[in-house]
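I have placed the structure first, in the form of structure tokens, so that the comments after it can refer back to it.
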Amino acid sequence: MAAGLGPWLLALALGPAGVCAQLRLETSGGGVRAPGDSVQLSCRGSGFSFGSYDVLWYRQTLGGRLEWLSYISSSSYTVRYSPGVEGRATVSRDNSRSVSSLSLRALYPHDSAHYLCAFRTGINSVRTDKLVFGSGTTLTVEPREQRDSIPEVIVMKSKKHKEDGDTGKAACLARNFYKKNISLEMSSNEVVYEPKAPIVTSNGMYNTIKVVKVTKQSEVTCTARLSNGNFTANSTTPEMKAEEIKPANICNTTDTSAEDVKMEKVNMLSMAVLGLRVLLAKSIAFNTLMSIKLILF
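When the letters of the sequence shown are read in order and numbered with mature numbering (1 follows the signal peptide of the UniProt record, and there is no 0), they come out as residues -21 to -1, 1 to 276.
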């Protein structure tokens, strides 16, 4: 349900036909802000008795996850916040104007999301009552001055291929760059997945990814094109990767220098895998990237 909210008014079990058409929740105040700034979002209701209902605020991340932010009762007597915004958020309402406001201070890049207000449909407003969501407003938190930077470009190629052929998948990940205008060009044009825009991370930089279909024996090339230049990475074949980290070869070797070199390669690969895991854990698009990992491997 979260991914399907989008810009539409979602009305659930509101009673007689025709009631839904009378309801409006208009949200405003989004836009582009810099890290550390503040923002005030407003939600105006019409077509119903605004002061009779509790108001909740949510946000929908670029990955589609719906996150509850705050709650304010119809009388403003009870106010609650989620741990993610508590201490930085203030929710209020003015029933005479049918308006609720949500203020956020000390913005972080991960505050970038589509913000929505909602009200519970039941007069008694219990937690099992269904919600009506407004259209929402989008907030983007990014640095005012985005200097040129060199992205880290990583190419990953699946080891598993379809039984009926040599087709597999490869992914290109560009991370830690400024200037969100970037394009990824890969040696294959059969695109499986590509986000509409790069994802801003918790440190204010950007990540993006592209997944394509490839043949088993092909070497995959990925070029990240930015205003300050092109940055290219290549893949190795799955067989070469397996040979480099094959445990039997390392354990059975009698050449200590060769063992040290191979162990160093294993350690480097382990650190690379750890780095990718940390990146995935911190990324706003965590669910999407993990899905891509499952597709590839």
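Beta carbons: idealized from backbone N, C-alpha and C, even for Gly. For clarity, every value in this text was computed on a predicted model and none was experimentally measured.
Arg72 versus Arg44 - alpha carbon distance: For Arg72 and Arg44, the distance between alpha carbons rounds to 26 Å.
Chain-order list of residues whose beta-carbon lies under 6 Å from that of Asp33 (same chain, five-residue window excluded): Listed in chain order, the non-local C-beta contacts of Asp33 below 6 Å within the same chain comprise Ser52, Ser53, Arg99 and Ser104, local neighbours out to five positions each way being set aside.
Proximity to Gly63 [Cα-Cα], best of Leu86, Arg12 and Thr187: The residue with the shortest Cα to Cα distance from Gly63 is Leu86.
Three or more C-beta pairs below 8 Å linking the region 165 to 183 and the region 110 to 117: no
contact_flag[the region 17 to 24, the region 121 to 134] where n(CB pairs < 8 Å) is 3 or more: no
Gly30 (DSSP reduced to helix, strand or coil): helix
Local conformation of Asp145 per DSSP, three classes: DSSP places Asp145 in coil when its eight states are reduced to three.
Option nearest His89 by Cα separation, candidates Thr202, Thr146, Lys136 and Pro177: Pro177
Residue nearest to Leu162 in terms of C-alpha spacing, selected from Gly147, Ser206 and Val193: Checking the sequence shown, residue 162 turns out to be Ser, not Leu. Of the listed residues, the one whose Cα sits closest to Ser162 is Ser206.
Spatial neighbours of Thr12 in its chain, beta-carbon cut-off 6 Å, leaving aside the 5 residues before and after: Thr is not the amino acid found at residue 12; the sequence shown has Arg there. The beta carbon of Arg12 is closer than 6 Å to those of Val18, Leu86 and Val120 in its chain, skipping five residues each way along the sequence.
Tyr56 classed as buried or exposed, judged by whether at least 16 other C-beta atoms fall within 10 angstroms: Classification of Tyr56: exposed, given that the 10 Å Cβ count is below 16.
Cβ shell of Asn160 (< 8 Å), same chain only, five flanking positions each side left out: In its chain, beyond the 5 residues on either side, Leu205 and Ser206 have a beta carbon closer than 8 Å to the beta carbon of Asn160.
Rounded distance between the beta-carbons of Cys96 and Leu4, thought under 8 Å: By a beta-carbon distance limit of 8 Å, Leu4 contacts Cys96. Their separation comes to about 6 Å.
Limits of the beta strand (DSSP E) - the one that His93 falls within: Where His93 is concerned, the enclosing beta strand (DSSP E) stretches over Ala92 to Arg99.
Endpoints, beta strand (DSSP E) assigned at Val70: Ala68 to Asp73
Segment limits, beta strand (DSSP E) that includes Thr117: Thr116 to Val120
Neighbour flag for Asn207 against chain B, beta carbons, 8 Å: The structure shown contains no chain B; it is built from a single protein chain.
Distance between Arg67 and Arg38 (C-alpha atoms, nearest Å): 15 Å
Contact under 8 Å by Cβ, Gly10 with Leu83: no
Counterpart residues of Gly9 in DSSP-defined beta bridges: Paired residue(s): none; Gly9 is not in a bridge.
Span of the beta strand (DSSP E), counted from its first residue to its last, around Arg84: It is not in any beta strand (DSSP E) - Arg84 carries neither H nor E in the DSSP assignment.
Contact check, Leu81 vs Trp47, beta carbons under 8 Å: no
Helix, strand or coil at Leu1 [DSSP, three-state]: For the sequence presented, residue 1 should be read as Gln rather than Leu. Looking at Gln1 - three-state DSSP - the assignment turns out to be helix.
Identity of the residue in Val70, Arg76 and Ala92 nearest Gly42 by Cα: Selected option, being the one with the closest Cα: Ala92.
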